[in-house]
Amino acid sequence: MTRLGTWPGFLTASLLAAATAAAQPADDPGGDPYPEDLPAATSATAPAAETAPAPVQPGAPAVTPTAAYRPTANAMAAIAEPPAAGGATHPAAGGTTTADGAQHDATATADATAEPPAHPEDGFRFGTYGRVGIAWDGRGGTAGPFSVVSHGPRLEQPAYLELDLGYAMHPTEDVGLRMLATVAVFDDLFHFTGDPVQSLAIRNLYVESVWRGWLRLWAGSRMYRGDDVYLFDWWPLDNLNTVGGGAGLDLGAYRLAAHVGMNRLDDEWQTQYFEVPDPEFGSRQVLMLDRPRTIVSLKAERLALPESPDDLGWKVVLYGEGHFIASGTLVHEDRTEEWLPDDQGWVAGVQGGLWTGRGDFLNLWLRTGGGLGAYGEMAIPFGVDQEKRALDATEFALVAAGNLELDWFGLLGGAYARWFEDADRNRYDLDDAWEFALALRPHFYLNDWFHVAVEASYQFRKSAGLAVESGEPETPQIWKFAAMPMWVPLGRGTLSRPQIRLVYQLSLPNDAARNTLGEDDPRRAHDVEHFIGLQVEWWYNSSYR
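Quick note: the sequence shown uses our numbering, first residue 9, plus one each step.
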């Protein structure tokens, strides 16, 4: 993540790009990145990250071919065909000429139908995802997130923005090409800090090429993702942030993808710099500890596509990861050395998905992990064993997400149960715990654009250890209830965006939940928390991963 004080040039270029981009249906971050080979029958009414009119559901393949998804030919390089013998005409000419030189009336071409370009999706692509909001706590302050589980409700998330700038072309009919850069802006908003310095991150910076529609190759920096649980903003299975590359095979209903890459944190667990004398003048920084995490992944998928909006499509996904990190030596300020051992881990899981062309879908995941993989692909392990390794850590999760669409009503839901156990010998510490979360968000469509949604969620965490303050077993839990009148310019659908919404949320934490807050946190004194907010959330062509 980079902090930059001035970036007007970037924003100007982005806005100009958005103004010149052709209007296209929004694309779902949870959908398939290459929808061109899927029939329109799989189209959904309003998917998890898209705007109407042609959405895709998370868990279902994306369906409406849009300009920025697939590598296509350069539309600006369309080559006009020469006139054929015997008086054939060129449709682009103002008044066409026959073989004998006679000039036809210019109106003769009005009835001529120009052939569409071979790859209309070629060219520049602009996409964006974003959310911005404010919230009061009912006591004169700002309301913030409060959860006792790893993945709490999405409603309480801070501001975030992604800007996608991409280009697609076909150098030849057999070779497709796309390039993508995604810049993310985090929640340090100037109007709320007075500080013009923003927190920026490059989330995507890669090139991908496809050969004859079935072989894909890519390299660069990439958010490499599958399907998500929208209400928790969580990708339960494949969710990698990696600098590397990969290959994929698309064989009709079967797909296979493999990847290898690295990530590294600017933390003493992985990196350490020392200032040393420069041979010529002054000093320089030298990287003395360098332990990037290497990750390999493999994904196999079987698709069965629906033939009409009322048919049921399904898919099954098998997925696995391997994590590896080398050993190294950390030097402390007193010049003593600490040996950091090599370590490894794994993730394995399966996903099943059902969907219809109306926007209904259901995804189920089973995730297991061990060692480094149990903590997450960008996490520093805690509770390690006596050798400072995470090999004995384990994770197990069952996850579900779904959506139901009717003419006047929609229901979006998500739930998960997760067990985590760290790698140390203590089987009765607070780190080893079950956690559970459930969220349901019914939508009532009063008309095409004015909707009212309500959300109910519940979360708890059951640890094997004893609470620090009471010395007793405790189970933190929170009930949350929210109401959201909203304006949705692009029509009906639980996942139609943008949404401009008012939010009132009531949170009811028990004593054990409040005890998880910091010692001097003022929320400890209140058994009811209020969240009174104004929010906007949008996505447009934000499907690249």
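Positions of the beta carbon are idealized from the N, C-alpha and C atoms, including for glycine.
Do you know how far the Cα of residue j is from the Cα of residue i?
i	j	result
A371	L419	Note that residue 371 is Asn in the sequence shown, not Ala. Each residue's Cα considered, the two are about 14 angstroms apart.
P484	E537	15 angstroms
G481	R531	Sequence check: residue 481 is Pro here, not Gly. Distance between the alpha carbons of P481 and R531 is about 22 angstroms.
F390	A431	8 angstroms
D562	A227	Outside the displayed span of the chain (9 to 553) sits residue 562, for which this structure offers no information.
L380	Q359	21 angstroms
S550	V191	12 angstroms
S291	E216	41 angstroms
T364	V496	23 angstroms
G254	G541	42 angstroms
R162	F539	13 angstroms
Q467	F289	59 angstroms
D278	S305	The residue you asked about is not Asp; residue 278 is Gln in the sequence shown. Going by the C-alpha atoms only, they are around 21 angstroms apart.
G256	G357	19 angstroms
L516	S155	11 angstroms
L147	F240	Position check: residue 147 holds Arg in this sequence, whereas Leu was assumed. Rounded to whole angstroms, R147 to F240 spans 27 angstroms at the Cα level.
V183	R133	19 angstroms
W546	Q206	21 angstroms
G269	L362	31 angstroms
Y453	N249	37 angstroms
E346	A334	14 angstroms
R220	M187	18 angstroms
P493	W457	11 angstroms
A554	V157	Because the chain here runs from 9 to 553, residue 554 falls outside it and cannot be looked at.
A68	R505	Interpretation of A68 is limited by its pLDDT of 40, a score under 50 that renders its predicted location unreliable; the figure taken from the coordinates is listed afterwards. Cα to Cα, A68 sits roughly 18 angstroms from R505.
V544	W487	24 angstroms
A126	L185	15 angstroms
Y262	K323	10 angstroms
A275	G367	Note on residue identity: the sequence assigns Asp, not Ala, to residue 275. Looking at the two C-alpha atoms, the distance is approximately 43 angstroms.
Q65	D351	Summary for Q65: the model assigns pLDDT 41, below 50, so the residue's position carries little reliability; its value from the coordinates is reported in the next sentence. Cα to Cα, Q65 sits roughly 38 angstroms from D351.
G330	A266	12 angstroms
W222	V251	23 angstroms
A445	D535	20 angstroms
N523	S478	9 angstroms
R469	L525	14 angstroms
G5	E395	Not covered by the structure: residue 5. The range shown for the chain is 9 to 553.
L514	S229	40 angstroms
L264	E309	6 angstroms
I210	D258	28 angstroms
G422	D342	50 angstroms
Y232	D196	25 angstroms
L326	K307	6 angstroms
G321	L225	27 angstroms
For the alpha helix (DSSP H) that contains residue i, what are its first and last residues?
i	result
F200	198-201
A151	Element bounds for A151: n/a, residue is neither H nor E.
R522	519-522
Which stretch, first to last residue, makes up the beta strand (DSSP E) that contains residue i?
i	result
A425	417-429
R310	301-312
L380	Here L380 belongs to no beta strand (DSSP E); instead the alpha helix (DSSP H) covers 380-383.
S291	291-298
Q359	351-363
P450	441-453
R139	131-144
E329	321-333
A409	402-413
Y436	No beta strand (DSSP E) contains Y436, which DSSP labels as neither H nor E.
M494	485-495
F468	458-471
V284	279-285
F539	537-548
G336	336-339
Would you mind giving the Cβ-Cβ distance between residue i and residue j, rounded to the nearest angstrom? I have them listed as a contact below 8 angstroms.
i	j	result
E429	A398	With a Cβ gap of about 11 angstroms, E429 and A398 do not count as contacting.
A409	Y168	Not quite, the Cβ-Cβ distance comes to about 20 angstroms (not below 8 angstroms), so this is no contact.
Y424	A405	6 angstroms
N271	E164	Actually they are not in contact, since the Cβ atoms of N271 and E164 sit about 27 angstroms apart, beyond 8 angstroms.
A475	A520	7 angstroms
S465	A447	4 angstroms
G160	Y548	Contact doesn't hold; Cβ gap of about 26 angstroms is too wide.
R375	P244	5 angstroms
R426	E413	Incorrect: roughly 28 angstroms between the Cβ atoms, too far for contact.
G353	L297	Their Cβ separation, rounded to whole angstroms, is 20 angstroms, which puts G353 and L297 out of contact at 8 angstroms.
Practice task
Report the residue ranges of all beta strand (DSSP E) runs contained in full by the region 215-244; include only those spanning at least 3 residues, in chain order.
Solution key: Taken in chain order, the complete beta strand (DSSP E) segments of 3 or more residues contained in the region 215-244 are 223-233.
Handout entry: Three-pair Cβ contact test at 8 angstroms for the region 436-445 versus the region 168-186
Key = no
Practice task
Evaluate contact between the region 267-285 and the region 308-319, counting only Cβ atoms and requiring at least three cross-stretch pairs below 8 angstroms.
Solution key: no
Handout entry: 3 or more residues per run - each beta strand (DSSP E) lying fully within the region 166-215
Key = Correct list: 168-177, 183-193.
Handout entry: Contiguous alpha helix (DSSP H) assignments of at least 4 residues, all confined to the region 248-277
Key = none
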